[in-house]
Each structure stands twice: as C-alpha cells, then as structure tokens.
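Peer 1: Let me begin by handing over the structure; questions about it come next.
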Amino acid sequence: MKNDKYDVLVIGAGPSGSVAARHVALRGYSVLLIEKRPIIGSPVRCGEATGEREKLATYAAVNEDYIETDITEAILHATGGIKIRANLPTTTLMLDRLKFDPWLAQQAAEAGAEVVTSARAKDVRPVENGYRTVPIEYEGNEHLIKARMVIGADGVESLVGRWTGLRNHHLPHHVCSGIEIRLDMLDENPNALTFWQGHDAINDGYIWSFPKAKSGVTNFGAGFLTPKINTPNIYDVAMEWKEKIYPDANVIDMVGGAIPVSGVLEETVSDNFLLVGDAAHQTDPLTGGGISAGMRGGWLAAQAIDEAFKAGDLSKSFLSRYDKAVWERIGKGHAFQMRLRQWILAMDREKQIEFYTLFKVWAQKGQSIPRAILSHPLIAAKYAWEFYKLH
Amino acid sequence: MPPTKRPDRDLLFDRDVCITCAGCVGICPEEALDFYGLEWTLYSDKCTACALCVRICPVGALKIEKR
Numbered sequence: 001m002k003n004d005k006y007d008v009l010v011i012g013a014g015p016s017g018s019v020a021a022r023h024v025a026l027r028g029y030s031v032l033l034i035e036k037r038p039i040i041g042s043p044v045r046c047g048e049a050t051g052e053r054e055k056l057a058t059y060a061a062v063n064e065d066y067i068e069t070d071i072t073e074a075i076l077h078a079t080g081g082i083k084i085r086a087n088l089p090t091t092t093l094m095l096d097r098l099k100f101d102p103w104l105a106q107q108a109a110e111a112g113a114e115v116v117t118s119a120r121a122k123d124v125r126p127v128e129n130g131y132r133t134v135p136i137e138y139e140g141n142e143h144l145i146k147a148r149m150v151i152g153a154d155g156v157e158s159l160v161g162r163w164t165g166l167r168n169h170h171l172p173h174h175v176c177s178g179i180e181i182r183l184d185m186l187d188e189n190p191n192a193l194t195f196w197q198g199h200d201a202i203n204d205g206y207i208w209s210f211p212k213a214k215s216g217v218t219n220f221g222a223g224f225l226t227p228k229i230n231t232p233n234i235y236d237v238a239m240e241w242k243e244k245i246y247p248d249a250n251v252i253d254m255v256g257g258a259i260p261v262s263g264v265l266e267e268t269v270s271d272n273f274l275l276v277g278d279a280a281h282q283t284d285p286l287t288g289g290g291i292s293a294g295m296r297g298g299w300l301a302a303q304a305i306d307e308a309f310k311a312g313d314l315s316k317s318f319l320s321r322y323d324k325a326v327w328e329r330i331g332k333g334h335a336f337q338m339r340l341r342q343w344i345l346a347m348d349r350e351k352q353i354e355f356y357t358l359f360k361v362w363a364q365k366g367q368s369i370p371r372a373i374l375s376h377p378l379i380a381a382k383y384a385w386e387f388y389k390l391h
Numbered sequence: 001m002p003p004t005k006r007p008d009r010d011l012l013f014d015r016d017v018c019i020t021c022a023g024c025v026g027i028c029p030e031e032a033l034d035f036y037g038l039e040w041t042l043y044s045d046k047c048t049a050c051a052l053c054v055r056i057c058p059v060g061a062l063k064i065e066k067r
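So the sequences go chain by chain: L and F.
The first sequence begins at 1 in our numbering and counts up one residue at a time.
The second sequence begins at 1 in our numbering and counts up one residue at a time.
Now the structure itself:
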C-alpha cells in the first residue's frame with residue numbers, strides 16, 4: 001500500500017468491488033482496492049452464467065477472452081417430464097471467472113485504482129474527522145489505512161458490513177447452499193443453459209448444466225435453500241443427479257458456496273460506508289444470479305459516492321440515495337422474482353404440472369406476457385390472484 | 001475439536017472435506033466464524049452451537065457433536 005490515506009477504500013475484488021473501484025477511480029478519486037485471497041477470482045464460487053452481453057460494456061471494457069459461450073437458448077426439465085425449450089430474448093454469456101475477475105480488477109487498476117491482494121481488512125472503525133480507519137493485515141503486518149469512504153464488497157461471507165452495524169448476515173430461509181461439479185465434457189446442447197426444477201428434481205432450488213464451450217467443460221451444479229439438519233447435503237444430491245444425467249462424465253473438480261436469495265437489503269449504507277454485491281444481497285432471488293446485479297450495484301455506488309463527495313456530505317442520510325437507486329434499478333425486479341419463487345415453490349406436484357404445461361405454451365410461442373395472458377385469460381386471472389395474494 | 005459456548009456441544013470441522021467456500025461465515029449470526037485464505041477459525045466464546053453453519057455447508061465439513 002503506497003499511501004495511508006485514500007478517498008475510497010474498496011474491500012473485496014469480485015465483480016462488484018472492481019466495477020465500483022473502477023468507476024470511482026475514473027471520476028478522479030484516489031482508490032485502494034484490497035482482496036484477501038492471494039489470486040483474484042480464485043477459487044471460483046459461481047455457475048459463471050450472466051445475462052445481457054449488451055450491458056457488459058457499461059461496466060468495463062469487454063475482453064472476448066473471458067467469454068466461454070454465447071448462450072441463445074434455455075431448456076427446463078420441469079415437473080412431470082415436461083421439457084420446455086425457449087430462445088432467450090437477450091444474449092446470455094458463460095464466463096471464465098478465473099479470467100473475468102482479474103480482468104475487471106485490472107480495469108480498475110488502469111483507471112487509477114491501487115490493487116493489493118492477500119490483504120485482509122480486520123475492522124472498520126467509526127468515523128473520526130471525516131475518515132474511517134481500517135486495520136489491514138498484509139505481509140504479516142497491520143497497516144492502518146484511512147479512507148473517507150469505505151465500500152464493503154466482501155461477498156457472501158461479508159463481515160465488513162456487520163462491523164459498521166449493518167445487518168447483512170443471512171437467514172436460513174433466504175440463503176441457498178450450492179455445489180458445482182465440473183465435468184470434462186460438453187452437453188449435447190452447447191449453446192443452451194439447462195435446468196431441472198420442481199418436485200421430481202429439487203423443489204426448493206434447481207439443478208443446472210452450463211456449458212463452457214471454449215474449455216470443453218460443463219458446470220454441473222445444484223443449489224437449494226438451507227436444508228434441515230441431518231438431511232442429505234447438496235453435494236450428495238448433486239452427485240446422485242450427476243450419475244443419472246451424465247453417468248460417463250469425469251469430475252474435474254468441485255466448487256461450492258452460499259448464495260443470498262433474500263432480495264436486496266433495505267439498508268446498506270452508514271456514515272462514510274456502503275455495501276455492494278453479494279454483501280448487499282444483490283442477487284436474483286429466483287435464479288441466484290448475482291454477477292450483473294452486483295456490477296450494476298458497484299456502478300450505482302460509484303455514482304452515489306461521486307455525488308456525496310461533490311456535496312461534501314458522506315453521511316448516512318445523504319448516501320441513502322444509493323439504497324433508493326438500488327431499489328429502483330435492482331430491488332424492484334428482484335422483489336418480483338422473489339414472489340415468483342415463493343409462489344412456484346409452494347405449489348404441490350399437480351399444480352406445478354399445470355403451471356409448467358401452460359408456461360411451456362407461452363415460452364414456445366415466444367409470446368409477451370400480456371399476449372400470453374389474453375390467450376388463457378381464466379387461468380391467467382387465477383394465477384394473478386394467487387400471485388398477488390402471496391404477501 | 002473446538003468447544004462452543006454451550007457446555008455440552010462441540011463443533012467438528014473437517015479440513016480435508018472443506019472446499020473453503022466460506023458460506024458458514026456468512027450465515028453465522030454470532031460472527032463466530034472467519035476465513036482467511038485457506039485458514040478456518042472458530043471463536044469458541046461466540047459460538048452458540050446453533051448449527052446453521054452445519055446446515056449451509058454444501059459438503060458436510062461441519063458437525064455438531066455432544067461432548
């Protein structure tokens with residue numbers, strides 16, 4: 001660490017932290033980006049699929065090297081043997097996070113941020129004279145870094161937020177346990193994301209098979225809401241399904257992790273501090289996807305921080321505009337996904353078959369939601385009633 | 001076998017099974033767990049043996065056992 005004072009300290013160099021660091025640095029502020037792991041991006045704890053190729057360039061320059069596959073189709077194996085194939089409205093991507101995460105951190109560095117790995121924040125102290133002090137463990141020594149603004153981007157295991165008094169730990173019914181077994185083969189549909197969901201597979205979660213075409217690897221994984229004690233863990237469930245679906249494939253290695261699926265937190269800011277990404281629960285509560293939402297969170301954070309510096313006000317009340325922006329741009333959509341999840345998971349098997357049968361008609365005709373509703377008005381009205389009765 | 005705040009429970013951790021995903025750290029309501037690099041730490045004076053970490057662990061590396 002070259003200095004002991006920075007405008008902004010970002011803790012965690014995942015996609016959200018690196019995008020936040022880059023966009024703050026681009027606006028001319030001094031930025032320190034620290035990562036506790038020795039190698040940025042490793043170990044990967046992710047299915048590596050992300051939506052909307054078109055939006056990537058908003059956050060950082062695009063490098064084709066980290067893109068494994070352009071995904072054009074989704075296949076869902078649902079309850080009762082129903083198989084739904086649908087073209088995706090936007091191009092989804094399979095990434096190589098071992099390349100993607102370091103690239104984003106490098107983009108932050110090129111924008112002027114100082115990037116340091118194997119550096120771990122041990123505390124975030126209260127604001128004093130306009131600065132927060134963060135003791136950082138690095139190369140066996142403790143460095144005291146002062147920053148006017150601290151961004152917590154320390155992922156699913158975030159402690160940084162809790163040190164400042166924010167309640168961002170996970171509740172068991174709002175967090176998934178996930179495992180991913182990487183297989184040395186490609187699925188017969190190398191441009192499709194394939195899912196298995198419902199009472200005949202995993203009901204309170206899903207199984208996925210995501211092809212990484214360049215590497216010839218399939219990310220085969222499974223995730224479900226925190227299970228009860230003394231029930232099979234997700235690894236056992238996933239291995240059982242691997243034997244059913246890809247009996248001949250060899251296992252290369254295995255990664256796993258927890259996935260927040262609570263919807264965005266209402267409060268992610270305090271004085272001279274805010275949270276982004278998984279630490280702020282910016283993950284889709286239906287799919288568990290968090291790369292694009294996290295990057296958007298980092299980008300919104302940079303905007304809010306710039307406004308706060310310009311106004312000379314880094315207080316919690318001023319920074320709450322970040323929470324508002326996150327709700328508008330991420331939270332609303334995620335709240336809808338959350339209701340959808342709760343609705344689908346609460347269906348019994350018969351009901352799920354009815355639902356997925358109808359969903360298949362809509363998905364395959366490529367209908368928009370209003371047209372789909374008009375084509376089956378009675379069922380649509382029934383579903384709408386159930387859906388909005390949920391809360 | 002690190003002890004917990006409860007006199008009759010221990011939290012078992014199997015380093016060989018652990019895949020260092022740190023999910024246990026995120027779900028722990030007491031901030032009793034931490035990961036740094038590949039090093040797993042339990043702060044025994046904070047752990048209430050609630051077993052949330054046991055439930056979230058994808059690979060079964062954690063166990064609560066009666067002492």
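Here a beta-carbon is modelled for each residue, glycine too, at the ideal position from N, C-alpha and C.
#1: Compute the distance between the beta-carbons of G41(L) and R97(L), then report whether it is under 7 Å.
#2: Could you have a look at K353(L) and say whether DSSP puts it in helix, strand or coil?
#3: Have a look at E73(L), E157(L), E114(L) and A249(L) and flag the residue whose alpha-carbon is nearest the alpha-carbon of W40(F).
#4: How would you list, in chain order, the residues of chain F whose beta-carbon sits under 7 Å from the beta-carbon of N233(L)?
#5: Give the DSSP-derived three-state secondary structure of P89(L) in the structure shown.
#6: Beta carbon of R45(L), beta carbon of V255(L): below 7 Å?
#7: For K365(L) and L9(L), what's the separation of their Cα atoms in angstroms?
#8: Use the C-beta contact count for D4(L): other C-beta atoms within 10 angstroms, 16 or more gives buried, fewer gives exposed.
#9: If you draw a straight line from the alpha carbon of L36(L) to that of E354(L), how long is it in whole angstroms?
#10: Taking a cut of 9 Å between CB atoms, which residues from the region 36-52 of chain L lie near chain F?
#11: Starting from the Cα of Y131(L), find the closest Cα among A147(L), V124(L), E137(L) and G257(L) and give me that residue.
#12: Which residues, in chain order, does the region 240-256 of chain L contribute to contact with chain F at a C-beta distance below 7 Å?
#13: Nearest chain F C-beta to H170(L) closer than 7 Å, yes or no?
#14: As a quick exercise: from T133(L), G81(L), V62(L) and F100(L), pick the residue whose alpha carbon is nearest that of Y6(L).
#15: What residues of chain L sit near L11(F), judged by a beta carbon separation below 7 Å?
#16: List, in order along the chain, the chain L residues whose C-beta lies closer than 8 Å to that of T20(F)?
#17: Compare the C-beta of Y36(F) with all C-beta atoms of chain L and state if any pair is closer than 7 Å.
#18: Return yes when the Cβ of R9(F) is within less than 7 Å of the Cβ of A49(F), no when it is not.
#19: From the DSSP output, in three-state form, read off G294(L) for me.
#20: Residues of chain F with CB closer than 8 Å to the CB of L345(L), please, in chain order.
#21: May I have the straight-line CA-CA distance separating I344(L) from H174(L), to the nearest angstrom?
#22: Let me make sure I understand the geometry here. Which of K324(L), A308(L) and K389(L) has the alpha-carbon closest to that of N272(L)?
#23: Have a look at A363(L), R341(L) and T357(L) and flag the residue whose alpha-carbon is nearest the alpha-carbon of Y388(L).
#24: Going by DSSP, name the residue or residues bridged to D10(F).
#25: Can you pull out the residues from the region 156-184 of chain L whose beta carbon lies closer than 7 Å to at least one beta carbon of chain F?
#26: DSSP has I229(L) in a bridge; who is on the other side?
#27: Beta-carbon of L42(F) versus every beta-carbon of chain L: anything under 7 Å?
#28: Helix, strand or coil for Q197(L), going by three-state DSSP, please let me know.
#29: Taking its Cβ as the centre, do 16 or more other Cβ atoms sit within 10 Å of G205(L), making it buried, or is it exposed?
#30: With distances taken between CB atoms, is the gap from Y322(L) to A346(L) smaller than 7 Å?
#31: I'd like to know whether the C-beta of V96(F) is nearer than 7 Å to at least one C-beta of chain L.
#32: Below 6 Å CB to CB, which residues in the same chain sit around G17(L) once its five sequence neighbours on both sides are set aside?
#33: Looking only at DSSP bridge pairs, what is S118(L) linked to?
#34: What are the residues of the region 110-138 of chain L that lie near chain C, defined by any Cβ-Cβ distance shorter than 7 Å?
#35: G14(L) by DSSP, collapsed to three states: which one?
#36: Can you name, in chain order, every residue of its own chain whose Cβ lies under 6 Å from the Cβ of L26(L), other than the five neighbours on each side?
Peer 2: Straight from the coordinates:
#1: The residue labelled residue 41(L) in the question sits at position 41 within the first sequence. The residue labelled residue 97(L) in the question sits at position 97 within the first sequence. Taking a C-beta distance under 7 Å as the contact criterion, G41(L) and R97(L) qualify as a contact pair.
#2: The residue labelled residue 353(L) in the question sits at position 353 within the first sequence. Residue identity check: residue 353(L) is Ile in the sequence provided, not Lys. Judged by DSSP in its simplified three-state form, I353(L) adopts helix.
#3: Counting from 1 along the second sequence, the entry for residue 40(F) is found at position 40. W40(F) has its Cα closest to that of E157(L), out of E73(L), E157(L), E114(L) and A249(L).
#4: Within the first sequence, numbered from 1, the residue matching residue 233(L) stands at position 233. Simply C57, P58, V59 and G60.
#5: Sequence index remark: in the first sequence, residue 89(L) carries index 89 (1-based). Strand.
#6: Locating residue 45(L) in the first sequence gives position 45, where the first residue counts as 1. Locating residue 255(L) in the first sequence gives position 255, where the first residue counts as 1. Yes, these two residues count as a Cβ contact at 7 Å.
#7: In the first sequence, the residue the question calls residue 365(L) occupies position 365. In the first sequence, the residue the question calls residue 9(L) occupies position 9. Roughly 49 Å separates the two Cα atoms.
#8: The residue you call residue 4(L) lines up with position 4 of the first sequence. Flag for D4(L) reads exposed.
#9: Numbered from 1 along the first sequence, position 36 holds the residue referred to as residue 36(L). Numbered from 1 along the first sequence, position 354 holds the residue referred to as residue 354(L). Leu is not the amino acid found at residue 36(L); the sequence shown has Lys there. Rounded to the nearest angstrom, the two C-alpha atoms are 48 Å apart.
#10: K36, R37, P38, P43 and R45
#11: Mapped onto the first sequence, residue 131(L) falls at position 131. For Y131(L), the nearest C-alpha among the options comes from A147(L).
#12: M254, V255 and G256
#13: Reading the first sequence from its first residue, position 170 is the one you call residue 170(L). It does; some Cβ of chain F falls within 7 Å.
#14: Position 6 of the first sequence, counted from the start, is the residue given in the question as residue 6(L). Answer by Cα proximity: T133(L).
#15: Within the second sequence, the letter at position 11 stands for residue 11(F). In chain order: nothing, as chain L lies at least about 13 Å away.
#16: Looking up residue 20(F) in the second sequence gives position 20. Going along chain L in sequence order, the residues near T20(F) (Cβ under 8 Å) are P43.
#17: As a position in the second sequence, residue 36(F) is number 36, starting the count at 1. Interface residue, yes.
#18: For the purposes of this step, residue 49(F) is taken as residue 49 along the second sequence, with counting starting at 1. For the purposes of this step, residue 9(F) is taken as residue 9 along the second sequence, with counting starting at 1. For A49(F) and R9(F), yes; Cβs fall inside 7 Å.
#19: Position 294 of the first sequence, counting from 1, holds the residue named residue 294(L). In the structure shown, G294(L) sits in a helix (DSSP, three-state: H, G or I).
#20: The count along the first sequence starts at 1 and reaches residue 345(L) at position 345. Neighbours of L345(L) on chain F: none; closest Cβ ~18 Å, over 8 Å.
#21: The residue given as residue 344(L) occupies position 344 in the first sequence. The residue given as residue 174(L) occupies position 174 in the first sequence. Distance between the alpha carbons of I344(L) and H174(L): 15 Å.
#22: For the purposes of this step, residue 272(L) is identified with residue 272 of the first sequence, where counting begins at 1. The candidate whose alpha carbon is nearest that of N272(L) is A308(L).
#23: Residue 388(L) sits at position 388 when you count from the first residue of the first sequence. It is R341(L) whose Cα lies nearest to the Cα of Y388(L).
#24: Residue mapping note: residue 10(F) aligns to position 10 of the second sequence, counting from 1. P3(F) and E65(F), per the DSSP bridge assignment.
#25: V156, E157, S158, L159, R162, H169, H170, P172, V175, S177, G178 and I179
#26: Taking the first residue of the first sequence as position 1, residue 229(L) is located at position 229. Secondary-structure assignment with DSSP links I229(L) through no beta bridge to anything.
#27: As a first step, residue 42(F) is located in the second sequence; it is residue number 42 there, counting from the start. Chain L, which has no Cβ nearer than 7 Å to the Cβ of L42(F), makes this no.
#28: For the purposes of this step, residue 197(L) is identified with residue 197 of the first sequence, where counting begins at 1. If DSSP states are grouped into helix, strand and coil, Q197(L) belongs with the strands.
#29: By one-based count along the first sequence, residue 205(L) stands at place 205. So G205(L) ends up on the buried side.
#30: For the purposes of this step, residue 322(L) is identified with residue 322 of the first sequence, where counting begins at 1. For the purposes of this step, residue 346(L) is identified with residue 346 of the first sequence, where counting begins at 1. Contact flag unset, no.
#31: For residue 96(F) there is no data in the structure shown, the boundaries of chain F being 1 and 67.
#32: Within the first sequence, the letter at position 17 stands for residue 17(L). Same-chain partners within the cutoff: V10 and A153.
#33: Numbered from its first residue, the first sequence carries residue 118(L) at position 118. S118(L) pairs with nothing; no bridge assigned.
#34: Protein chains in the displayed structure are L and F, and chain C is not among them.
#35: Stepping through the first sequence from its first residue, residue 14(L) is reached at position 14. In the structure shown, G14(L) sits in coil (DSSP, three-state: anything other than H, G, I, E or B).
#36: Position 26 of the first sequence, counted from the first residue, corresponds to residue 26(L). The residues are A111.
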